[in-house]
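Residue numbers (this note's numbering): 16 to 600.
All residues carry an ideal CB built from backbone N, CA and C; glycine is no exception.
Predicted model only: the values in this text are computed from it and were never measured.
Only one structure is covered here, and it is reproduced in the block below.
Following this line, the structure appears as structure tokens:
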């Protein structure tokens, strides 16, 4: 059985600045569990498999099953059932809140955080669609990017060409029926080239020499004094290791499996493909951001004129200097983040670069020790997360929720553990206002000043805040966005599509305005925001926003007019924050 391990780090290659507090990873123990417990886990998996096209999301049943055994919750309070508005009394609400908090307390780790899945973009480890392909995320329709990478990954893991109860054959038919793997987007082209089932000449240039340009260059990818990068951090930290692999034209050993995959994923024989004609091919299912003509001209000029020069003496010396500079930055990122890195994409790319540089290096071994931090196991299998968790994020919201119930005294042990976790990671202002005998010793005031100063340092000149850091370049750089699958990734914008996306953003917008002293009565922005939310309320009384809102940038309801518990909660929290309780009753 799999077991979730918390706040542990017994690997000699692991490094930590807080003794691994908040770490979560899964470990397999073949001797764990009774026959009955193993049968229950297998039942969870079978039930998910049976309904996977109807219910695509897991419910973290393996984690909940483990916590139920280790920390059982004796629920003595009656379940509230409301049949009319008259029955919605304070006592009923209090009982429901107490039941929720008691259950939630059983999921809290001893170190004070709430472990859980942090699933992200599904090209990391996606789920199969009915048509045989894989989508960009769990709700998405099939794409060439995810289908090819998933198919190839399964082959590397040992799945036979026609294995998986027909899944492999259906996936291959999907790929070939949509033009073959030459139509995979640029990120996929790079990975296939590394494996040796695509040629580097079929890639648009990823010049490592860009990292040697002066900082005044408006599209400079890097940082001045390793602090301020022109490009959005997610983009530059992905294209940094990609440029190293491109600059070295690294290819794995050609094995019989590699040769077989070459035959399986293309519509014509591998040796007959004109690779230079494939650089800008992209399946229509993947083409979210088509390249402007200007970009194609720029890449073609670099590919035909600049790249050949950089591989010949004396310009090859510049290439080597650029590769050395890129690896210095890769190592800097690795060491600064204890080899967790900014995210899963650049994590595995950095690890590969370290292996290419030296397969026996300490850096590579430190990377291997951190792989499990990104893997999560549930009834739907093992998947790679969008990060190594959202522990601090979740604790912050949990604390706010607990304090909002006015049951702080009753659930003080939860708050105390949460406070200890926050002190071991960052600062917690709300908990500092509570008595120390309830939540533990308060943090030094200097910590809060430091936190405020960090926040203020990230404020742009126009008063706004971007997603990660200051906005340091210009929106026209999107004309050079090389990723067909993703839009608006070149610079850090003062808006985002976190969550799903209009409901979530409106809630935070209202909270920010109220925190700044605005009210529904004196703020036109809050009034318009409330009108917007109320205009999206469904006949059922709830809200149900689709992920398509983020993709299409237009508010879109879930199919069939369905409401969603989370969307409804966000909308109600926003309206309550705006003082609209009386209007809602």
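- Assigned with DSSP and collapsed to three states, residue 392 falls in strand.
- Within the same chain, and ignoring the five residues on either side of residue 103 in sequence, the residues whose Cβ sits closer than 7 Å to its Cβ are 97.
- In the three-state reduction of the DSSP assignment, residue 404 falls in the coil class.
- For the pair residue 486 and residue 505, the Cα-to-Cα distance works out to about 10 Å.
- Shown here for residue 48: same chain residues with a beta carbon closer than 7 Å to its own, the five before and five after excluded, namely 16 in chain order.
- A straight-line Cα-Cα distance of about 20 Å links residue 31 and residue 344.
- Of the residues assessed, residue 507 falls on the buried side of the cut-off, its CB having 16 or more other CB atoms within 10 angstroms.
- Separation of the CB atoms of residue 147 and residue 204 is rounded to 22 Å, and the pair is thereby denied contact status at 8 Å.
- For residue 42, the enclosing beta strand (DSSP E) begins and ends at 39–43.
- DSSP places residue 143 in the strand class (E or B) of the three-state scheme.
- Around residue 317, the same chain offers 220 as residues with beta carbons nearer than 6 Å, after the five sequence neighbours per side are excluded.
- Beta-bridge annotation (DSSP): residue 157 is paired with 150.
- In this structure the region 449–461 does not lie against the region 470–482, because fewer than three pairs of beta carbons, one per stretch, are closer than 8 Å.
- Nearest Cα to residue 449 within the set 277, 432, 423 and 68: 423.
- Closest in alpha carbon position to residue 263, among 355, 169, 484 and 338, is 338.
- If you look at residue 431, you'll find it in the alpha helix (DSSP H) that goes 427–438.
- Counting along the chain, the unbroken beta strand (DSSP E) around residue 20 starts and ends at 17–21.
- In the three-state DSSP reduction, residue 192 falls in the helix class (H, G or I).
- Going by C-alpha positions, residue 303 is about 17 Å away from residue 250.
- Look at residue 474 here: in three-state DSSP terms it is strand.
- Residue 255 is not a Cβ neighbour of residue 500, given a cutoff of 8 Å.
- With a threshold of 16 other beta carbon atoms within 10 Å, residue 160 meets it and is buried.
- For residue 286, the number of other beta carbons within 10 angstroms of its own is below 16, and it is reported as exposed.
- In its chain, beyond the 5 residues on either side, 19, 21, 39, 78, 122, 124, 404 and 406 have a beta carbon closer than 8 Å to the beta carbon of residue 130.
- Residue state for residue 505 is assigned as coil, using DSSP reduced to three classes.
- Minimum Cα-Cα distance from residue 409 among the listed residues 70, 50, 119 and 108 corresponds to 119.
- In the three-state DSSP reduction, residue 91 falls in the coil class, being neither helix nor strand.
- In terms of Cβ geometry, residue 370 and residue 379 form a close pair [threshold 8 Å].
- Three or more Cβ pairs closer than 8 Å define a contact, and the region 522–531 falls short of that threshold against the region 557–566.
- Check the Cα spacing between residue 535 and each of 25, 593 and 491: the tightest is with 593.
- Proximity of the region 65–75 to the region 424–435 falls short of the contact definition, fewer than three beta-carbon pairs being nearer than 8 Å.
- The region 181–195 and the region 270–282 touch, with no fewer than 3 CB-CB distances between them shorter than 8 Å.
- For residue 279, the enclosing alpha helix (DSSP H) stretches over residues 271–279.
- Setting aside the 5 residues that flank it on each side, residue 395 is surrounded in the same chain by 63 and 73, each with a C-beta closer than 6 Å to its C-beta; the list follows chain order.
- Shown here for residue 43: same chain residues with a beta carbon closer than 7 Å to its own, the five before and five after excluded, namely 17 in chain order.
- DSSP, reduced to helix, strand and coil, places residue 576 within a helical segment of the structure shown.
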